[in-house]
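Engineer: The structure follows.
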Amino acid sequence: MLKVIEAALDAGKKIMEIYEKDFDVEYKEDESPLTIADQTANEVITNALHKAFPDTPVLSEEGNQWSYKERSSWDEFFLVDPLDGTKEFIKKNGEFTVNIALVSHGAPCFGVIYAPALDILYIGDTALGAVKVEQALHFEGISDDKGWFKQGVSLPNVTSDNDTANIVASRSHMSEETKAFIQQIEKEYKTVQTLSTGSSLKLCLVAEGAADYYPRYAPTMEWDTGAGQAIVEASGGTVTVADSDEFLSYNKENLKNPWFLAKR
């Protein structure tokens, strides 16, 4: 999966070139924002994946929207969000990411999340575990996957206090259901702390152990969560449908996720 990691880093560099300049913002039919950075990153990633893995389909938020009839025969595919957190990108707060996952038989088995403004890379592999690599661009040129795992810090790398629950919540989507979840957790712990961050970095906080829970009672799509779920699960955590033990599944006819809970 070395080429997947390289694609994420290359996309991140292109995103930063645009981030440091003025750029226009368009809006899709669902009123979500779109920038040239989303489109450029998508082109970088899809071209790299098609070249390195010509037999593996790519499903990207900004790419060809395959019909379910076409997708239903896929055993494996790449799931891509070339710029997750476009709103954060527009605000220029640094909390946006590049997400690439490999999905096998409906479950993400490998994931890469790169936060280019922070130069932090997260990798999750069901066979190798999960790592966080700070100052990732300094390690470009590594020749294999295991080299990245040697450079990174194994996750989880934060020890939690048994008396304290850390809950990560979306800055933009604090629903009534999320508030109710927090109130329930407050009954179980002496102290509850709420963390806020943008994009798939919320899932990365769970993988690190910095957050114990990430309840998501608001809309997401499969490409928003695939890479993060792979990293959380590779770190020993879980991402399940809310109020159940069922893991989030992928390549559904409807690509919208149900509400879910990520936890350590």
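Numbering (this note's numbering), first residue to last: 1037 to 1300. By construction, the Cβ of each residue, glycine as well, lies at the ideal position given by its N, Cα and C atoms.
By DSSP's criteria, Met1257 is part of a beta bridge. Which residues make up the other side?
Structural biologist: Under DSSP, Met1257 forms a beta bridge with Lys1292.
Engineer: Using alpha carbons as the reference points, say which of Asp1120, Phe1125, Gly1099 lies closest to Glu1053.
Structural biologist: Phe1125
Engineer: Quick one: what's Gln1229 bridged to in DSSP?
Structural biologist: Paired residue(s): Asn1202.
Engineer: What does DSSP give as the partner residues of Pro1144 in its beta bridges?
Structural biologist: Val1139
Engineer: Starting from the C-beta of Glu1213, find all residues in its chain whose C-beta is less than 6 Å away, skip the five residues before and the five after it, and write them out in chain order.
Structural biologist: Tyr1253
Engineer: May I ask which residues mark the beginning and end of the beta strand (DSSP E) holding Thr1162?
Structural biologist: From DSSP, Thr1162 is part of no beta strand (DSSP E); its letter is neither H nor E.
Engineer: Under three-state DSSP, which class holds Thr1092?
Structural biologist: coil
Engineer: Of all the alpha helix (DSSP H) runs that stay within the bounds of the segment 1099-1133, which reach a length of 4 or more residues?
Structural biologist: Segments of the alpha helix (DSSP H) lying fully in the segment 1099-1133: 1104-1107, 1122-1127.
Engineer: Could you tell me which residues DSSP puts in a beta bridge with Pro1301?
Structural biologist: The structure shown does not extend to residue 1301, since the chain is modelled only from 1037 through 1300, so no value can be given for it.
Engineer: Which partner residues of Val1169 appear in the DSSP bridge assignment?
Structural biologist: Leu1157
Engineer: With burial defined as no fewer than 16 other Cβ atoms inside 10 Å of the residue's Cβ, what is the status of Tyr1158: buried or exposed?
Structural biologist: buried
Engineer: Output the distance between the C-alpha atoms of Gln1075 and Lys1057, rounded to the nearest integer angstrom.
Structural biologist: Gln1075 and Lys1057: Cα-Cα distance of roughly 16 Å.
Engineer: With distances taken Cα to Cα, identify the nearest neighbour of Asp1120 among Trp1110, Pro1069, Asp1060.
Structural biologist: Comparing Cα positions, the closest option is Pro1069.
Engineer: Using 10 angstroms around the beta-carbon of Ala1084, count the other beta-carbons present and answer buried if the total reaches 16, otherwise exposed.
Structural biologist: buried
Engineer: Determine the DSSP secondary structure at Ala1151, reduced to helix, strand or coil.
Structural biologist: strand
Engineer: Give the secondary structure of Thr1214 by DSSP, where H, G and I count as helix, E and B as strand, and everything else as coil.
Structural biologist: helix
Engineer: Assign Asn1293 to buried or exposed, taking buried as 16 or more other Cβ atoms, counted over all protein chains shown, within 10 Å of its Cβ.
Structural biologist: buried
Engineer: Return the chain-ordered list of same chain residues with a C-beta closer than 8 Å to the C-beta of Asp1248, the five sequence neighbours on each side being excluded.
Structural biologist: Ser1196, Ala1201, Asn1202, Ile1203, Val1242, Lys1299, Arg1300
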